[in-house]
Amino acid sequence: MALLLHPDDVQLTGLVNQRVPSSVAERSYQVLRPLGAGGMAVVFLALRHDPRGISPVVLKILTPRFVSNTGNTAMLSFMKEANALSALNERVPPSPHVVRLLDAGTLNARLTNHPSEPGKPMGLGWLALEYIHGDAEGTTLTERVRYSIARTRFAFEPLRAVDCIRNIASGLSVVHELGILHRDLKPTNVLCTGFGDRETFKIVDFGIARSAEAGTFMDAGIGTPGYSAPEQIYSQGAKLGPPCDVFGFGSLTYYILTGRPLFRFETLIDMVRVVGGAERDSVCESEHLSLELRGSQGACAAVDAAIARATSANPSQRPATAEEYCEEITRALLIPTGLGRSTLSRMPAFSEQSAPSRGGWQWLTRQRPFEPGYAGSDVVVNAAFDGASGCLATTTHALMYWDGGAWRAVPSRGGAGLDAVSCTGAGQWLVTSRDGGVHHFSYHGLSEIVRGEGYRFQRLSGVLRQLLVLVSQPYRSGFPSGPPVLHRLTQRGMLPPFPLEHFASVNDLARLDTMRWLVVGRSTQGHGLVAIFRAVDGALDWLQVPEVAAYLACTTNPDVGDAVVVGTEGTIVHLDDDQCRAERMGAPVPLSVVCLDPSGGTWAATTGSLFYRAPGVASRWQCPWHDPSWTTPFNALHASGGVVLALTADGAILEGLSQVQSQGGVSFGGVA
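Numbering (this note's numbering) for the sequence shown: 745 to 1416.
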């Protein structure tokens, strides 16, 4: 049945609260509210209703005016974007640095001034895209750079800029591998999520993307002046290549470091003259250049040279690939040392603006439990989220990846099985095999780092190529036959094993700082143990904690040295600057998992309930979600920027959005 739209409704407001059907059976999209509009399409926040669960998505729908004016060109452009993005979803996991296409279709609409009139039938193309959870710092790169300037007086400092540039280079490389050019790389086409070392940048909007084999014409879309390469404007019929996007990448880098565009002009004629010239502004001309970069003349000169080369009017003089440019510019940015990240200077304002307890929560069942026959009788053994859109889990039968909409089996080499999982960054995990191997899992697949030596690693935590700590324990006939053992993996190989004589089992492990790890579990005497392992010294420091049956989980923030341990009987232990304080919740429940959000708040879970405590010693624990029908224990948690994800042992995933995140109190009520 066609949806009725008024011909003058250019913002498509008539779609709000309507359902857009999908070609996939039993799937539809509930339109909630508009997020933005352009000359081509209107973008909405929507909920995808699917048998597997309910999730927020972005719906991009062509406007009737654009379709009327362009005819088949409109659908061709939309199909081009759909084809470009759909090709990126074939790998498991998909690239974490390109916004994912979830679905596409055509909305059957009828333009009419009155419901009783037959009106004009029209097909409006639509795309369902991954919804990016921004936070107090903003969702677009433009917003995050402005936020940084407002809070610190400076744009991105070198280390944060390096992370951003590497993310964008990774996304572009994936796109270019498929023979696709973006052709409109600019700050508003880079979306951001996460905070600190988990901040992730994703390329979006492939509306004018095209195959590198295709010619470029004036009427095919020239992108954004100042960010699009000059050959996009005047090279009619010529083939473009990756240097076309390298130009935009160079202009984007200047904005990341200075908060202002590289090219400033008033007319297109001025733009052609400025871009075609050899002169480029220095990053030092901006008052918002970070202090550590400004303090290094060599670094500034190297950065200026790299940007000038990338934005050369002659494509042959630019770096040939995004990765080549990335290596050149990051080498320059890593010259200065000293002040490091400005994460801590942004933290107070971030905490104040993103505190999720102020406006209540809306809850969605993002993923229903494993279906019989779909993942067998699998139980999650270990799991780690890489943010709000992906999770890797080892189960009793397989390695599984959750892509935000469904669990997908990951082909794994050999028959040893996989146990422990640790997330090291967006789309990056370390996984241990039951024969003692350590593997790296990413968009490029599963690769072995350390060949197995017979140990069965149950936990791991640390930084790859620096220091990793792993836990193993010998088993015989399904039962432990000896104490747990800590292993230390350095760049030079494994250090001697460190037996944990007083532990009967280690339930969790987390890096406290560069040299210390928190170890929690149960003693051979039947009570909980918490210790700090000094990895280089090979020594344990015992913490005085309440005597309970076991400590079950821990979490840390290495940037500030905070840690939280949870256990049976509702016991919580806080570690701050090596000072321990313990408390118990009102209900003596076993807390199976815990995490810290970037604002300093703490989340903990027991079967059927999630608990939250805002930053500050005087804060009290709250229970923002409780549902006794959820009878399976929680296995993993993620929280950032007013979003929390909780995974149960049977594969179900619950999502909570604070009123801050859901913007304006948009209600998702009744859909959990």
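The beta carbon of each residue, even a glycine, is placed where N, CA and C say it ideally should be.
Note that the structure is predicted; figures quoted are calculated from it, not measured.
To the nearest angstrom, report how far apart K930 and G1021 are at their CA atoms.
-> Rounded to the nearest angstrom, the two C-alpha atoms are 21 Å apart.
With a CB to CB cut of under 6 Å and the five nearest residues on each side skipped, what residues in its chain are close to N1379?
-> These residues qualify, in order along the chain: V1124, A1127, L1391, A1393.
Length-filtered (3 minimum) beta strand (DSSP E) runs lying within the region 1168 to 1246 | With a minimum length of 3 residues, the unbroken runs of beta strand (DSSP E) contained wholly in the region 1168 to 1246 fall at 1172 to 1177, 1182 to 1186, 1189 to 1194, 1201 to 1207, 1211 to 1216, 1229 to 1234.
Go through its chain and collect everything with a Cβ distance to G1198's Cβ below 8 Å, but skip five positions before and after it.
-> If we look at G1198 and ignore the five residues flanking it on each side, its Cβ neighbours are D1179, G1180.
Can you tell me which of N761, M784, Q976, L779 puts its alpha carbon nearest to the alpha carbon of Y773?
-> If we check each option's Cα against that of Y773, N761 comes out closest.
Through-space distance from S1191 to G1159, alpha-carbon basis = Legend: pLDDT at G1159 = 48, less than 50; position of this residue unreliable, no value from coordinates given.
Touch test, the region 1289 to 1300 against the region 1326 to 1337, Cβ-Cβ under 8 Å, three pairs minimum | With a cut-off of 8 Å, the region 1326 to 1337 and the region 1289 to 1300 count as touching, because enough Cβ pairs lie within range.
Identify whether Q1288 lies in helix, strand or coil by the three-state DSSP scheme.
-> It is coil, neither helix nor strand.
Would you say K804 reaches chain B, if we count a Cβ-Cβ gap shorter than 8 Å as a contact?
-> The structure shown contains no chain B, having only a single protein chain.
Decide if G1345 is buried, meaning its Cβ has at least 16 other Cβ atoms within 10 Å, or exposed.
-> The residue in question, G1345, is buried, as its Cβ has 16 or more Cβ neighbours within 10 Å.
Answer yes or no: do T807 and V754 have a C-beta to C-beta separation smaller than 8 Å?
-> Between T807 and V754, the C-beta spacing is below 8 Å.
Quick one, which of E975, E921, Y998, E881 has its alpha-carbon nearest G940's?
-> With distances taken between Cα atoms, G940 lies closest to E881.
Taking Cβ positions, are P1227 and L1244 nearer each other than 8 Å?
-> In this structure, L1244 lies closer than 8 Å to P1227 by Cβ.
Give, in chain order, every unbroken run of the beta strand (DSSP E) that is at least 3 residues long and sits entirely within the region 1286 to 1337.
-> Qualifying beta strand (DSSP E) stretches, in chain order: 1295 to 1301, 1306 to 1311, 1315 to 1320, 1323 to 1328.
Whole-angstrom distance between T997 and D963, CA atom to CA atom = Any reading at D963 is ruled out, since the residue's pLDDT is 35, under 50, leaving its predicted position unreliable.
Could you name the residues of the same chain whose beta carbon sits closer than 7 Å to that of S1425, not counting the 5 residues immediately before and after it, in chain order?
-> Past the boundaries of the shown model lies residue 1425; the chain is included only from 745 to 1416, so the question cannot be answered.
Looking only at its own chain, which residues have a Cβ that is under 7 Å from the Cβ of T883, when we skip the five neighbours before and after it?
-> So the qualifying residues of the chain are I876, L935, C936.
Can you give me the start and stop residues for the alpha helix (DSSP H) that P902 sits inside?
-> Membership of P902 in the alpha helix (DSSP H) is indicated by the continuous run 902 to 921.
Secondary structure of P1368, DSSP reduced to three states = Judged by DSSP in its simplified three-state form, P1368 adopts strand.
Is the Cβ-Cβ distance between A1054 and R1062 less than 8 Å?
-> Result yes, Cβ atoms of A1054 and R1062 sit closer than 8 Å.
Local conformation of Q1269 per DSSP, three classes = If DSSP states are grouped into helix, strand and coil, Q1269 belongs with coil.
What does S1384 pair with, by DSSP beta-bridge criteria?
-> Per DSSP, the beta-bridge partners of S1384 are V1387.
Is there contact here, the region 825 to 833 with the region 841 to 851, by at least three beta-carbon pairs under 8 Å?
-> Contact between the region 825 to 833 and the region 841 to 851 is present, because at least three Cβ pairs lie under 8 Å.
What are the start and end residues of the alpha helix (DSSP H) that includes G994?
-> Where G994 is concerned, the enclosing alpha helix (DSSP H) stretches over 987 to 1002.
Beta-bridge pairing of H793 - partner residues as DSSP gives them | According to DSSP, which records beta bridges pairwise, H793 is partnered with S772, I798.
Run through DSSP, which three-state label would S955 get?
-> Because the pLDDT of S955 is 48, which lies under 50, any placement of that residue in the model is unreliable, and the question is left without a value.
According to the neighbour-count rule (16 or more other Cβ atoms, all chains shown, within 10 Å of its Cβ), is F1094 buried or exposed?
-> Note that F1094 scores a pLDDT of 49, beneath 50, so its modelled location is shaky and nothing firm can be said.
Taking the C-alpha atoms as reference points, what is the distance between F1185 and D1163?
-> Straight across, the Cα-Cα distance linking F1185 with D1163 is about 13 Å.
Within the region 1102 to 1152, ranges of the beta strand (DSSP E) (whole runs, at least 3 residues) = List check, beta strand (DSSP E) in window: 1105 to 1111, 1124 to 1129, 1135 to 1139, 1143 to 1146.
Beta-carbon proximity list for V764, same chain, < 7 Å, skipping 5 on both sides | S772, Y773, V775, L803, L851, W870.
Inter-residue spacing [alpha-carbon to alpha-carbon] between T1312 and V1289 = Approximately 12 Å, taken between the alpha carbons.
Through-space distance from V1263 to G1237, alpha-carbon basis | Here the C-alpha atom of G1237 lies approximately 22 Å from the C-alpha atom of V1263.
Thinking C-beta only, is I893 closer than 8 Å to H1032?
-> Closer than 8 Å, so yes.
If you draw a straight line from the C-alpha of P778 to the C-alpha of V1387, how long is it?
-> Using only the alpha carbons, I get a separation of about 20 Å.
Check the DSSP bridge columns for A853 and list the partner residues they point to.
-> For A853, DSSP records a beta bridge to L747, M866.
Who are the near neighbours of P1092 in its chain, counting only those whose CB is closer than 8 Å to its CB and skipping five residues on each side?
-> Residue confidence is low: P1092 scores 49 on pLDDT, short of 50, so the model does not pin down where it sits. No coordinate-derived value is stated.
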